[in-house]
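Which chain is which? The protein sequence lines are A, B, C, D, E and F, in order.
Oh and the first sequence: position 84 is 84 in this note's numbering, straight run, nothing missing.
Adding 224 to a residue's 1-based position in the second sequence gives its number in this note's numbering.
Adding 448 to a residue's 1-based position in the third sequence gives its number in this note's numbering.
Adding 672 to a residue's 1-based position in the fourth sequence gives its number in this note's numbering.
Adding 896 to a residue's 1-based position in the fifth sequence gives its number in this note's numbering.
Adding 1120 to a residue's 1-based position in the sixth sequence gives its number in this note's numbering.
The beta-carbon is built from N, C-alpha and C at its ideal position, and this holds for glycine as well.
Only one structure is covered here, and it is reproduced in the block below.
Protein chains: 6
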Amino acid sequence: MSVVRRNIARTDLAIVDALASCGTATVHEAMGRTGLMQSYMRPIWRGARVAGNAVTVSVAPADNWMIHVAVEQCREGDILVVAPTSPCDAGYFGELLATSLKARGVRGLIIEAGVRDVMELEEMGFPVWSKHISAQGTVKGTLGSVNVPIVCAGALVNPGDVIVADQDGVMVVPREQAGKALELSQTRLDKEAKTRARLAAGELGLDIYGMRDALAAKGLRYLD
Amino acid sequence: MSVVRRNIARTDLAIVDALASCGTATVHEAMGRTGLMQSYMRPIWRGARVAGNAVTVSVAPADNWMIHVAVEQCREGDILVVAPTSPCDAGYFGELLATSLKARGVRGLIIEAGVRDVMELEEMGFPVWSKHISAQGTVKGTLGSVNVPIVCAGALVNPGDVIVADQDGVMVVPREQAGKALELSQTRLDKEAKTRARLAAGELGLDIYGMRDALAAKGLRYLD
Amino acid sequence: MSVVRRNIARTDLAIVDALASCGTATVHEAMGRTGLMQSYMRPIWRGARVAGNAVTVSVAPADNWMIHVAVEQCREGDILVVAPTSPCDAGYFGELLATSLKARGVRGLIIEAGVRDVMELEEMGFPVWSKHISAQGTVKGTLGSVNVPIVCAGALVNPGDVIVADQDGVMVVPREQAGKALELSQTRLDKEAKTRARLAAGELGLDIYGMRDALAAKGLRYLD
Amino acid sequence: MSVVRRNIARTDLAIVDALASCGTATVHEAMGRTGLMQSYMRPIWRGARVAGNAVTVSVAPADNWMIHVAVEQCREGDILVVAPTSPCDAGYFGELLATSLKARGVRGLIIEAGVRDVMELEEMGFPVWSKHISAQGTVKGTLGSVNVPIVCAGALVNPGDVIVADQDGVMVVPREQAGKALELSQTRLDKEAKTRARLAAGELGLDIYGMRDALAAKGLRYLD
Amino acid sequence: MSVVRRNIARTDLAIVDALASCGTATVHEAMGRTGLMQSYMRPIWRGARVAGNAVTVSVAPADNWMIHVAVEQCREGDILVVAPTSPCDAGYFGELLATSLKARGVRGLIIEAGVRDVMELEEMGFPVWSKHISAQGTVKGTLGSVNVPIVCAGALVNPGDVIVADQDGVMVVPREQAGKALELSQTRLDKEAKTRARLAAGELGLDIYGMRDALAAKGLRYLD
Amino acid sequence: MSVVRRNIARTDLAIVDALASCGTATVHEAMGRTGLMQSYMRPIWRGARVAGNAVTVSVAPADNWMIHVAVEQCREGDILVVAPTSPCDAGYFGELLATSLKARGVRGLIIEAGVRDVMELEEMGFPVWSKHISAQGTVKGTLGSVNVPIVCAGALVNPGDVIVADQDGVMVVPREQAGKALELSQTRLDKEAKTRARLAAGELGLDIYGMRDALAAKGLRYLD
């Protein structure tokens, strides 16, 4: 059954924006090392860092019809998350769809498939994380669903989850954990700032983190 | 039998240049979604967009001898297209060969294998699309052929076909279809320009393309 | 048995620096086409070219404890070379470890696994060649070894070997061959400079390298 | 937070067994083409066809501690489903664990990682679908969870879902849909039996399925 | 434009059958090491060795409609060769289609995509070489073509070419070269039979093939 | 420089044979989880389990000349270990070479590349572990070396090391550690036999290995 869910809960954009500034590596640690998509999801242009509320799309292989359907469900601060029902490298998305999403305030696209018009997307400043880049076109013949739970690049994404994406990858933060994830991320960043200063001054992690005893206890031996 | 075909028919560079400006995604659509190489063919540096007449080279694995032979067959406006007879990631091509090709007016290289000297190639502004980047050297011991039909990255390339390559991939346009492909591409671009303006103004693809009835007929359901 | 070898022989940095300026493709040829890591080892940012003395680290999958141990063994002019005992794409290394290595004069990281904080690493100017980029965190629970022989991306690396890395890949030069490798590399560069000038002037490699007779002897045929 | 959920709802084994006899391809079609794991999940020996109730395990990379924990939660008719939190090809599982599972009536293992002792597993008649085969050992140092929702090979698996696995792959049937899936699968099998007889007698699918008009309407042309 | 070509030239089955008995490795050598499909094309069951006349099918990704169209074009001694227009691992083909093909005397299937019902196909004795095995279903919505030239797994296949397939892979013999390929294959087999006897008796290839001088001339050194 | 080392030290075949009967998983554990080749090295036929003394061969891509050279260096109880200097899937080895090796008492082949004639190799009972299967032929034009240290599938192999190979993969045991590895392997097997009996009787690994306290200490929680 193909459905489009119109009303989904979203997270306040102040929290979403703060998560973006923490970055995926920090949020991933704060979340107990869960929620990261596979490492083959790469940004199509260098430098983007965004966060947004997920509008999810399940599409048929090489068929982008449901992306057109999904556009209407997007609003300011959203990120479109697209996964095909079987692996496909076709170019589901290009600058026309990006133009449409941009007009609605959408912040980016996460797609476990291919995209095209990558130079134009960079010039528009529209961020995309994809598995492939390909000029290959798609058809419009098979239904899928919008705003249902999907698995994208190995991660479960529920509509309304917060997506954080940067040059290190793509994180999914379940909506109900977004506030807590932010709090833990900021604590972690504060701590890292102090560690960074000590490391820059030449102190060793072995000493700062107090690892020497544990290493010796495990049996590590030093040879000259 | 190893052969070098000296005389091949080419396409007028005015048509070739116009195809370059259309880009691979557009030309691919205009061609009925045929002729695209596999998506693992990637530009070694960012921003190149070229078109040219194909000089084809069939090479042995890890043996670049025939590329040296092929250089002599190239002229202004050509693109060298190289495929090994079995998969190989060695670096068949570097800045010396590029220097030689550039001196003959060649516009770029398409190779389903590896290249090296990629910083130098970018500094020279010599465009390359390859499957791999590798410093691995090759030998000169086994013959191949120049200007015979080859399969490169899943696409059939006949000598004299028009190659269009940009950040979205590499397209092969059969020589006899080049004029028609250009005409259809330009029609498509004109149409897209109008659509783009409407999408930027906030209209939905669902309405512009008139998709709502077809979606409903297929059974798409909206839930609140 | 997990060990850390403290004293390793290194190569004079004058030789190391000169090898860096030759580049991997040239040094690879000078070494008889040996010592190159697999082509999946790619720079995480564009433009880096370095050489240094290898401090080697054997790590458990998804466990970066031994990298912290290895930092203490590094000094000015070193490059850290890390290989997991089974394939892993986790992000073993980020900007905190880079800060620590930089404070010790380390020139870069070669890792057959993942790294994270790639934007920060680029901003710091800290060069990394890796197999993956991933925000995925690692644990600190299993010992490994520092400064033992390791296999990294298909190449044997002994502690103290010279690593040369640029946009074409990563080369390992056995320590005792570093001087000879430099000498042969420089000879090769001199020769290439002359060839480059002739090629740029339009001469053909077929003639410069005297290939025509050998091609004919092998049976190459020219057709019109 | 690492948890082990002890009480999970399961499906009656009569339904589970009937689903096994339908096979993955049929159940996949009956489920609207959803729920299939990625095609890299392959049986380690030829001929197995099983179904069972899922006990799920989330494990750290190269750490099989939680599989030992999960054994205790298994009972007659279960299938263990294991996914690492980042990709790993290590051999998490061998004949000792299989001996233990067999003693509890467990019907098989689905693991998005590696297994070892594959000859012994075949001799025991213990079915396994895995992504890799590897003798590589694992550690016991990091917690995970048992009977939480996991993503395994691209499919969401909730504890208690029905797993159907055969030579074509691995299907996940959400527990609440098991009865309906069976009903639809059996209807499909009945229909296919009739079609098979007609095809074997030489009738064409073009005629049986009445495709000729639709093909003509789409513009298919026959040439002599 | 989607077309079905009804009349294609085929090769006499006596020649086809004789090529089957030569095997792919021998025919590949006889053909000057051309015409081999990529090594990812593997038999789905062990032991099949066939040859036949190619009926080619170009299909859309995850859409098997044209295979139904192609069945009607097949006759005794044919092999169906299927390639999607972009990479796809879906299961395009199962035992119902095999039943239909078998009723027409078709000898096997070569498909650069997925198949399902692999146990049933083995029980039927219907040989298949594919890139993937997957229960994933396909749709019937987009046209393709039958009996046009296609690229399948890196090899150009024209309708009516002879396909030879065994446990070593899949070979394409252009129709007009089939007789010559057979003659050269048989000569090669005769020669190998003699060599085999000498090798079995303990003679060395170094002596039988007279390689020692060439090795020494190249500079090979023996050390004690 | 290409060399053939004629005299290498080997391990007594009694020890070698005993290692074969232990299997790769056990020997790998006994060796501290080192020495395993990558998991893409797979047996070409089901059921083989062998051990032997390594004769190593470094070959050029798609060039099997040095395998012919290596045959002469082999004797009763050896295993040939072959690695190309850059990745290659060509079929370096078939039944003629196997006939020659068999005549000399060689027990099998380990090759990080392709082989062909796989049905014939199975019929001969000649065991092979390879990365690929391919009918693709190779040339005889470039020298390599025999009995030098090589890296094969991620593992360092010195001539005379003991190779143990079975359905779980391929292990390299450094020659000087062969006796110790055997001793530790047998101890491990004895211990496993006892554990197996207890597991088969229904005892849990959690209790046999005494894991419950450690799990609780790490914070594992049980929920109902």
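Asked	Found
Check distances from the C-beta atoms of the region 972 to 983 of chain E to those of chain A and list, in chain order, the residues that come in under 7 Å.	Ser982 and Pro983
Pairs of beta-carbons, one from the region 503 to 513 of chain C and one from the region 524 to 543 of chain C, closer than 8 Å: are there three or more?	yes
By the three-class DSSP mapping on this structure, what secondary structure does Trp737(D) have?	helix
Where Leu1125(F) and Gly495(C) are concerned, what is the direct C-alpha to C-alpha distance, given to the nearest angstrom?	Note on identity: in this sequence residue 1125(F) is Arg, with Leu being the wrong assignment. Cα-Cα distance, rounded: 42 Å.
Thr1205(F): buried (16+ other C-beta within 10 angstroms of its C-beta) or exposed?	buried
Quick check: is the beta carbon of Arg340(B) nearer than 9 Å to any beta carbon in chain A?	no
I'd like the list of long-range same chain contacts for Ala958(E), defined as Cβ closer than 6 Å, with 5 residues on each side in sequence excluded.	Cys984, Ala986 and Thr1034
Can you find a CB in chain B that lies within less than 9 Å of the CB of Ala649(C)?	yes
Against chain A, which members of the region 1009 to 1037 of chain E pass a CB distance test of less than 7 Å?	Gln1032, Val1035 and Gly1037
Is it true that the CB of Leu637(C) sits closer than 9 Å to the CB of Leu1276(F)?	no
Tell me whether the beta-carbon of Lys653(C) lies closer than 9 Å to the beta-carbon of Leu321(B).	The question names Lys, but residue 653(C) in the sequence shown is Gly. Contact flag set, yes.
Give the residues of chain F in contact with Leu1119(E), contact being defined as C-beta atoms less than 9 Å apart.	Val1123, Val1124, Arg1125, Arg1126, Asn1127 and Asn1267
I'd like the list of long-range same chain contacts for Gly378(B), defined as Cβ closer than 7 Å, with 5 residues on each side in sequence excluded.	Met261 and Gln262
First and last residue of the alpha helix (DSSP H) that includes Asp1064(E)?	Where Asp1064(E) is concerned, there is no enclosing alpha helix (DSSP H), given that its DSSP letter is neither H nor E.
Counting pairs of beta carbons, one from the region 433 to 448 of chain B and one from the region 569 to 579 of chain C, are three or more of them closer than 8 Å?	no
List the endpoints of the continuous alpha helix (DSSP H) containing Lys418(B).	Ala402 to Ala424
Which residues in chain E have a C-beta closer than 8 Å to the C-beta of Ala1381(F)? List them in chain order.	In the structure displayed, chain F extends from 1121 to 1344; residue 1381(F) sits before or after that span and is not available.
Are the Cβ atoms of Ala681(D) and Gly832(D) separated by less than 9 Å?	yes
Threshold first: 4 residues or longer. Then list the alpha helix (DSSP H) segments lying entirely within the region 44 to 115 of chain A, N to C.	65 to 71 and 95 to 103
Give the single residue among Tyr670(C), Gln634(C) and Ala665(C) whose Cα lies nearest to the Cα of Leu467(C).	Gln634(C)
Per DSSP, which residues does Leu604(C) bridge with? Please list them.	Val599(C)
May I ask you to report which of helix, strand or coil DSSP gives Lys1036(E)?	coil
What does Ala1180(F) touch in chain B if you count any residue whose Cβ is under 8 Å from its own?	Ala286 and Val363
Which residues in the same chain have their Cβ closer than 6 Å to the Cβ of Trp737(D), if we skip the five residues on either side of it in sequence?	Lys812
Report the CB separation of Thr1219(F) from Leu1095(E) in whole angstroms; it is logged as a contact under 8 Å.	5 Å
By alpha-carbon positions, which one of Ala686(D), Met673(D), Gly797(D) and Ser674(D) ends up nearest to Glu855(D)?	Ala686(D)
Mind listing which residues of the region 157 to 185 of chain A have their C-beta closer than 8 Å to chain C's C-betas, in chain order?	Asp166, Gln167, Asp168, Gly169 and Met171
Of all the CB atoms in chain A, is at least one closer than 9 Å to the CB of Ala910(E)?	no
Pick from Gln839(D), Ala697(D), Pro715(D) and Gln745(D): whose alpha carbon is nearest that of Tyr1342(F)?	Gln745(D)
Answer yes or no: does any C-beta atom of chain B fall closer than 9 Å to that of Ser39(A)?	no
Check Leu243(B) in the structure and name its three-state DSSP category.	helix
So is Glu346(B) buried or exposed if we call it buried at 16+ other beta carbons inside 10 Å?	buried
Less than 9 Å between CB atoms is the rule here; does Val823(D) satisfy it with respect to chain A?	yes
Using a C-beta to C-beta distance shorter than 9 Å, which residues of chain B count as neighbours of Gly667(C)?	Met225, Ser226 and Leu367
Which residue from Leu444(B), Lys418(B) and His292(B) puts its Cα closest to that of Tyr316(B)?	His292(B)
Just checking my contact of Met572(C) with Ala359(B) at CB under 8 Å: how many whole Å lie between their CB atoms?	That belief does not hold up - the Cβ atoms of Met572(C) and Ala359(B) are roughly 26 Å apart, past 8 Å.
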